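Protein chains in written order, with this note's numbering: chain A, 1 to 182; chain B, 1001 to 1600.
So the structure is just underneath, and the comments pick up after that.
Structure representation (structure tokens):
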């Protein structure tokens, strides 16, 4: 679809355009301050960060992999990729959302408090979602669940009426199917 | 014959044991640096000590670190070589931030070396400590904190590479004092390892270039819109631009930053585009059918109202920075590459495809342009009793013909009048703060330009408000025998602020009057410069000639009409073809709607 350009450069942020989620996998030089560069870029240009994960992934090459889930119009997403690629510390940027071979996973720890029938129901649902119980008391469970973010959203939605009290999520990780690498 | 290359090779790969401070000085020499701008302090004393023993480096002592950065910008912009700054930690670094940001916005290559407290004190709120790399991260192209002397030579050489290649910009190298004292192995630029995967793309995509050439040849109303990127690509790019304009017979306009890349004396020159640009340039941008942007970034001062920007055009955008393409306006053909490389490839493709411009269509197009020119958008009403600022610049231009002139400016009305009435036929002659709009840029920039061109005539066209922001650098000019000319269009107002308050805020002149101005002539004398004043049109020429002929720095207090506004003008929130001429500007406030008033 075509989106009308804004009336002025200053109005660009105020228009309602079709936004979508996107996940960027960014390979960067593992050096002090590199995460600040990426986060600072998002903050200073007004981009959203929905989730962010980072860790060194190749010790010999001194590279870290940052995975950022963001939201924006197609134009903003293109701009985010270009701005990320412009950073001197960046090696490679891929928008894995548009990659049909992209796999996305997230891990969550979910604490559910309850007794009686709710407890049984929580265990039953956890089984369906292949969530593992990693801690239990007579009053609570902690589930560990891995999957696409939408699966985790669904799981927490179902747990909410059964006594969900706390959620900790890692943020999204991504990788490409097949033998190709970033 | 054989000694020189051997020496060069030795310089490239030299490996010697020395201190970090000595490495800094040696790396500057090996990078071909001859001049640097700085201010000493506790955390850079070892480097200043090494500098004491290095006769090949000419250090210009400024009076404030902001002055050092602007001087380095003027130096860089007028030579095409990187500007080098050396300042201390804490306030030295924070004072430099304005100039560093200015250089980032205008793509000026700077290498800024800052001292830092010793590594074991970092993070303890030590005396004159600040998080320099944290503060400068968003305002540099790249920055480094060097914690190990073994990394220092590699970082320094990479800093020069990053600052000067691709889209140029400022690079900060923060060096703790203990690293300056530490001993390590120095290597020359040829042996330095690059720690980043930094490879800017210079050549355009051949398929897109062929497509772009064909699109331009098929145009009925083409226009070339050029920017600072052409100047940054070197003098060759400016030559190629002339060649390409001649081939295509397209009119040429430019951003503020691009003035001089195309000769103002060429009939194809339309003048500057944008808010205070030429009437004919803005109308041609609006009505064109193929818009070729070369090294320009569609700044909001250029585009005006975006949904009415050049509505019928196909757009080709050539830029070395991929993030510039499609950032503000829709682009049909985006070509990533160096302006010079892409222009050469476009010319080659044009010839290879045996393309020719559409002569009948262009005749019509040029006839239309001549009609716009006939409106004389820069016309103003001259006066017999008061010096009009436009007239002052016209006389300055006329009386400096035949001289080797470099112009710097501050920011405001005088800057726009300078862009409108001073004309440039060559690149690297015009130094102004475009993106950041930094009042106080021009005087120190003139210092830097004069250092690079000691025998040239360097004039800072200034305003009475701007010039006071970095006035103290006049002392630098005196100390180093830099005969810069500071030509103040003194209207006793922050003129552009006053103009906007008149037009948009009901003539409520809130805090824009330059009260308690110094006597600029006496001030000049206090510094040891020549002070001149012109108050009447009849004395203007003689005083300008006196300024030009003086071998000393001159502070020229040109008293001009205080209520004069800068026209023509695209009112806020309006399109290029809604430009208002001076004679029509009776009640411009009524023309700008509520949405427009909220814009800057």
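We put the CB at the ideal spot given by N, CA and C, even for glycine.
Since the structure is predicted, the reported quantities are computational estimates derived from the model, not experimental observations.
Under three-state DSSP, which class holds residue i?
i, result
"residue 2/A", "Annotation note: pLDDT 45 at residue 2/A (below 50); position unreliable, no value reported."
"residue 165/A", "strand"
"residue 1485/B", "strand"
"residue 111/A", "strand"
"residue 1286/B", "helix"
"residue 1498/B", "helix"
"residue 1371/B", "helix"
"residue 1031/B", "coil"
"residue 7/A", "The predicted model places residue 7/A with a pLDDT of 47, which falls under 50 and marks its position as unreliable, so this point remains unresolved."
"residue 55/A", "strand"
"residue 44/A", "helix"
"residue 1130/B", "coil"
"residue 1592/B", "coil"
"residue 1257/B", "coil"
"residue 1186/B", "strand"
"residue 1378/B", "coil"
"residue 983/B", "Lying before the first or after the last residue shown, residue 983/B is absent from chain B, which here runs from 1001 to 1600."
"residue 1421/B", "helix"
"residue 49/A", "coil"
"residue 1299/B", "coil"
"residue 1174/B", "strand"
"residue 1584/B", "helix"
Between residue i and residue j, what straight-line distance do the alpha-carbon atoms span, to the nearest angstrom?
i, j, result
"residue 1035/B", "residue 1245/B", "36 Å"
"residue 1031/B", "residue 1189/B", "7 Å"
"residue 1614/B", "residue 179/A", "In this structure chain B extends from 1001 to 1600, so residue 1614/B is not present and cannot be described."
"residue 1098/B", "residue 166/A", "46 Å"
"residue 1269/B", "residue 1230/B", "15 Å"
"residue 1330/B", "residue 77/A", "15 Å"
"residue 51/A", "residue 62/A", "23 Å"
"residue 8/A", "residue 1598/B", "The pLDDT assigned to residue 8/A is 48, lower than 50, so where the model puts this residue is not dependable, and the model offers no usable value."
"residue 1504/B", "residue 174/A", "52 Å"
"residue 1318/B", "residue 1233/B", "12 Å"
"residue 1142/B", "residue 29/A", "13 Å"
"residue 5/A", "residue 1019/B", "Confidence at residue 5/A is low in this model, with a pLDDT of 48, below 50, so the placement of that residue is unreliable and no value is reported for it."
"residue 1175/B", "residue 1147/B", "7 Å"
"residue 1187/B", "residue 1153/B", "6 Å"
"residue 1378/B", "residue 1024/B", "50 Å"
"residue 1117/B", "residue 1089/B", "7 Å"
"residue 103/A", "residue 171/A", "14 Å"
"residue 1191/B", "residue 1287/B", "53 Å"
"residue 1/A", "residue 1332/B", "Bear in mind that a pLDDT of 41 at residue 1/A, under 50, signals an unreliable position, so the number given afterwards is only what the model happens to contain. Taking the straight line joining both Cα atoms gives about 16 Å."
"residue 1372/B", "residue 1519/B", "43 Å"
"residue 1172/B", "residue 1113/B", "6 Å"
"residue 1044/B", "residue 1058/B", "17 Å"
When you compare each of the options to residue i by their alpha carbons, which one comes out closest?
i, options, result
"residue 133/A", "109/A, 121/A and 116/A", "109/A"
"residue 1131/B", "96/A, 139/A and 33/A", "33/A"
"residue 1560/B", "1111/B, 1302/B, 1528/B and 1382/B", "1382/B"
"residue 1179/B", "1155/B, 1454/B, 1471/B and 1206/B", "1155/B"
"residue 27/A", "50/A, 59/A and 19/A", "59/A"
"residue 978/B", "1022/B, 1079/B, 1198/B and 1062/B", "One cannot answer for residue 978/B here, as it falls past the ends of chain B, which runs 1001 to 1600."
"residue 1545/B", "1573/B, 1523/B and 1487/B", "1487/B"
"residue 41/A", "23/A, 81/A and 19/A", "81/A"
"residue 1263/B", "1568/B, 1243/B, 1532/B and 1314/B", "1243/B"
"residue 1168/B", "1353/B, 1449/B, 1073/B and 1332/B", "1073/B"
"residue 1138/B", "1123/B, 1103/B and 1127/B", "1103/B"
Kindly give me the distance between the Cβ atoms of residue i and residue j, rounded to whole angstroms, as I take these residues to be in contact under 8 Å.
i, j, result
"residue 1355/B", "residue 1294/B", "Incorrect: roughly 17 Å between the Cβ atoms, too far for contact."
"residue 1553/B", "residue 1478/B", "6 Å"
"residue 1543/B", "residue 1534/B", "4 Å"
"residue 1200/B", "residue 1110/B", "Incorrect: roughly 17 Å between the Cβ atoms, too far for contact."
"residue 1226/B", "residue 1261/B", "6 Å"
"residue 1574/B", "residue 1304/B", "6 Å"
"residue 1413/B", "residue 1558/B", "In fact, because the Cβ distance is near 13 Å, the residues do not count as touching under 8 Å."
"residue 1325/B", "residue 1334/B", "4 Å"
Nearer than 7 Å: is that true of the beta carbon of residue i relative to any heavy atom of the ligand MG?
i, result
"residue 1356/B", "The ligand MG is not among the ligands present in this structure, which contains no ligands whatsoever."
- [ ] Closer than 9 Å, Cβ to Cβ, to anything on chain A: give me those residues from the segment 1320-1339 of chain B, in chain order.
- [x] 1321, 1322, 1323, 1324, 1325, 1326, 1327, 1328, 1329 and 1330
TODO: Note down, in chain order, all residues in the segment 1195-1220 of chain B with a beta-carbon under 8 Å from any beta-carbon belonging to chain A.
DONE: 1195, 1196, 1197 and 1198
TODO: Check distances from the C-beta atoms of the segment 1158-1169 of chain B to those of chain A and list, in chain order, the residues that come in under 7 Å.
DONE: 1162
- [ ] Name, going along the chain, the residues of the segment 1457-1481 of chain B whose beta-carbon falls closer than 8 Å to a beta-carbon of chain A.
- [x] none
Task: Members of the segment 1116-1139 of chain B near chain A, C-beta cut-off 9 Å - done: 1133, 1134, 1137 and 1138
TODO: Pull out every residue of the segment 74-86 of chain A whose Cβ sits closer than 8 Å to any Cβ of chain B, in chain order.
DONE: 75, 78, 79, 82, 83, 85 and 86
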